[in-house]
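Residue numbers (this note's numbering): 14 to 535. Where is the CB? At the ideal position from N, CA and C, for every residue including glycine. Comments concern the structure below.
Here is the structure:
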C-alpha cells in the first residue's frame, strides 16, 4: 500500500513521468501505468457520483490495498505426480470406509507426511487446498474453545479399532481417557464394552494417573447413563454412582449427539488410533496389542507441542498430580454371580464353561467376573481362576480339577477335553515318558498331583536330572524323591551326594524293571 501511494504522489503531486518513476523504483512501467489509470478512473467516477453511499464506496476504493488476481496463476508445486499420490490416499480412505476401517483413514496431515516421505516438496496448506477444492464442499461447524485447570477434568470415550488378532480380524474397544488440562492420554483395549470393562478401565486409569480427577465427562453411553429424565437430564447407572462415591469424583454428561462437548477425548480417540495403528495392525493377542498401545501412548505423551507452550502432555500431567484427589485401593471392578456346578464339573457364564475341582459337582459356587478373568469361590475360598473367554460355546479347563475322577477312571485321560487343553510342557512329558506299554496312566495322574503341589518348574528340573542319566529312570516315584528334597541339585552340578542318590535310583529302577519282566514271563 505504501509503494502504491508513493507512485501516485510522484505522478499526481510531483508531476513525474511513468518512465522516471520506473527508473527510480523497482516497479515495471506496466504496473505503474495500471495504478495511475485505475486511480484516474476512480477520480472521474467520484466527480460523477451523486449519492452519499456511492461517494463513500469510491473513497474506500481509492485508498484500498492493491490486490492481485491469482486465480489463473500456474501451480508450480502441485504437479500431476503429487495429485496422483493424493488421489491414491483418498481412494485408500474410501476402501477403509467400505471395509469397516473408517476410523483408520488418513487425515490431511497424514497425507502431507506421506507425500513428504515420497520426496515431494509441497506445503501442508497446498495439500489442504487441493483436497478441499476437489473433494470437500460442506460448510464447517464452529466450536467454542474451553479452558481447564489442573486436576479439574478428565474425559472418557470408547473408540473402535479393527485389528488382526492371532490371524483373525477383530473389532476391539479402546477405552481412552484424556486430561482436559494437558491432553495426556491413557488407554486400554477390551474385547467388549460391558460394565466390567468400563469399571476396570477407570480403575486402571486412576492408577496410571496416580490420582483421581475432580470431574469425569461422558457421552450418553449405556454403561454411564441409565435413562433420560426430561429433555436434558440423565440418571447415572448404579455402578457409575458407586464408582464415583468410592473415588470421590463428580460426573457430567454431554448433550445428545454433541461429542464436541468433550472434544479433547473425541479428537484424542482419532488421534491415538491413527498415529499408533496406521502402520501396524496385526498382533498375536490382545495383550500384545495393549503393550503396543501403551508404548505408543508413552511416545505421544512425551511429544512437545506448540499449543502447550512447547511442553509435553506428560510434563503438564506431572504439574497436575498435586491437585488430584488421593488414590484409594483399587475398586473391585467385577460382577458376582452364584452358579451350580454341573456333572462335568463346569460352571457356565455367557454360554462358556469353566472348570472347578470335581469334588464340587452339584454344589453352588460364587463367581466373580472381571474384565480379563474369572475367580470362583466355594465357602469364601478361591478354588479356580480362568482367563475370560469372549467367544461362545468355549471351554476353559484345568486338568488338575479332575484328579479325583481320573484316579477312578484313568482310561478316560487320553481322550478327554482336559487332556487336549493341558499345558504343552505336561503333554510333552506324557508323550516322552508315560505314553507306552511300560508306563501306566495312573503314574501320570500321580505326577499331576505332584505338579499341583510342587509346581511344574520343580518337576521339569527333576526330570532333567533323571533323563540325563537314563530315560527309564523318569518315573513318578523317582521324581517324587528328588522334588521332596529341600534343595534339588542343578543339572550341571555333580556332587558326591547327587551321584549317590542317582546310583540308588538306578538300582531301584533296575530291580523294578526286572521284577516287572519276571511277572510278564510268568
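Quick check on this structure: which residue in 161, 106, 22 has the alpha carbon closest to the alpha carbon of residue 119? Looking at the Cα atoms, 106 is the closest of the given residues.
Taking contact to mean at least 3 C-beta pairs separated by less than 8 Å, is the segment 358-368 in contact with the segment 400-415? In short, these stretches touch, since the Cβ pair count reaches three.
With respect to the alpha helix (DSSP H) encompassing residue 35, which residues constitute its N-terminal and C-terminal limits? For residue 35, the enclosing alpha helix (DSSP H) has its first and last residue at 31-37.
Just how far apart, CA to CA, sit residue 145 and residue 331? Whole-angstrom Cα-Cα distance: 39 Å.
Assigned secondary structure, residue 170 (DSSP; H/G/I helix, E/B strand, else coil): Annotated three-state conformation of residue 170 is strand, per DSSP.
With three or more C-beta pairs closer than 8 Å as the rule, is the segment 199-218 touching the segment 371-389? The way I'd put it, the segment 371-389 does touch the segment 199-218; three or more beta-carbon pairs between them come closer than 8 Å.
Just to confirm, is the Cβ distance from residue 457 to residue 306 under 8 Å? Not in contact: residue 457 and residue 306 (Cβ atoms no closer than 8 Å).
Out of 378, 229, 108, which has the shortest C-alpha to C-alpha gap to residue 215? Residue 229 holds the alpha-carbon nearest to the alpha-carbon of residue 215 among 378, 229, 108.
Find out if the Cβ-Cβ distance for the pair residue 310, residue 285 is shorter than 8 Å. Yes.
Would you call the CB atoms of residue 217 and residue 173 closer than 8 Å? Contact check for residue 217 against residue 173 fails: the beta carbons are separated by 8 Å or more.
Residue 340 and residue 219 closer than 8 Å at C-beta: Yes; because the gap between Cβ atoms is below 8 Å, this pair is in contact.
Contact check, residue 390 vs residue 374 under 8 Å by CB: the rounded distance? Wrong, their Cβ atoms sit about 16 Å apart, outside the cutoff.
Since I believe residue 90 is in contact with residue 134 (beta carbons under 8 Å), could you give me their beta-carbon distance rounded to a whole number of angstroms? The beta-carbon separation of residue 134 and residue 90, rounded to 7 Å, stays under the 8 Å limit for a contact.
Can you grab the Cα-Cα spacing for the pair residue 324 / residue 318, in whole Å? Across the structure, residue 324 and residue 318 are spaced so that their CA atoms are roughly 6 Å apart.
Buried or exposed (CB count within 10 angstroms, at least 16 for buried), residue 101: With a 10 Å radius around the Cβ and a threshold of 16 neighbouring Cβ atoms, residue 101 comes out exposed.
Within 10 angstroms of the Cβ of residue 397, are there 16 or more other Cβ atoms? Answer buried if so, exposed if not. A residue is called buried when at least 16 other Cβ atoms come within 10 angstroms of its Cβ; residue 397 meets this threshold and is buried.
Would the beta-carbon of residue 42 fall within 8 Å of that of residue 31? Closer than 8 Å, so yes.
Given a cut-off of 8 Å on the beta-carbon distance, is the pair residue 167 and residue 226 in contact? Contact: yes.
Give me whichever residues DSSP pairs with residue 394 in a beta bridge. 391, per the DSSP bridge assignment.
Can you tell me which residues form a DSSP beta bridge with residue 192? 167.
How many Å lie between residue 160 and residue 196 at the Cα? One C-alpha to the other measures close to 12 Å.
I need the boundaries of the beta strand (DSSP E) containing residue 198, first residue and last residue. Boundaries of the beta strand (DSSP E) harbouring residue 198: 198-203, taken from the DSSP string.
How would you label residue 500, buried or exposed, when you count the other beta carbons within 10 angstroms and need 16 or more for buried? For residue 500, the predicted structure reports a pLDDT of 49, less than 50, and the residue's modelled location is therefore unreliable. A value from the coordinates is still provided. Exposed, because fewer than 16 other Cβ atoms sit within 10 Å of the Cβ of residue 500.
Determine, for residue 489, whether the minimum Cβ-Cβ distance to residues of chain D falls below 8 Å. Within the model displayed, chain D is absent; a lone protein chain is all it includes.
Where residue 183 and residue 169 are concerned, what is the direct C-alpha to C-alpha distance, given to the nearest angstrom? Going by the C-alpha atoms only, they are around 22 Å apart.
Reference residue 234; option with closest CA among 247, 223, 262: With distances taken between Cα atoms, residue 234 lies closest to 247.
DSSP three-state assignment for residue 316, whether helix, strand or coil: When DSSP states are grouped into helix, strand and coil, residue 316 belongs to the coil group.
Starting from residue 381, trace the beta strand (DSSP E) both ways and give me its first and last residue. Segment 377-382, the beta strand (DSSP E) holding residue 381.
First and last residue of the uninterrupted alpha helix (DSSP H) at residue 536: Because the chain in this structure spans residues 14 to 535, residue 536 falls outside the shown range and cannot be described.
Helix, strand or coil at residue 21 according to DSSP, with G and I counted as helix: DSSP places residue 21 in helix when its eight states are reduced to three.
Mind checking residue 148: buried by the 16 CB within 10 Å criterion, or exposed? Exposed.
When the Cα of residue 326 is compared with those of 336, 315, 419, 424, which residue comes out closest? Answer by Cα proximity: 315.
In three-state DSSP terms, what is residue 28? Coil.
Can you tell me whether residue 348 is helix, strand or coil according to DSSP? If DSSP states are grouped into helix, strand and coil, residue 348 belongs with the strands.
If we ignore side chains and look at the alpha-carbon of each, how far apart do residue 136 and residue 291 end up? Whole-angstrom Cα-Cα distance: 22 Å.
Nearest candidate by alpha-carbon position, reference residue 475, set 399, 489, 465: Ranking the options by Cα distance to residue 475, first place goes to 489.
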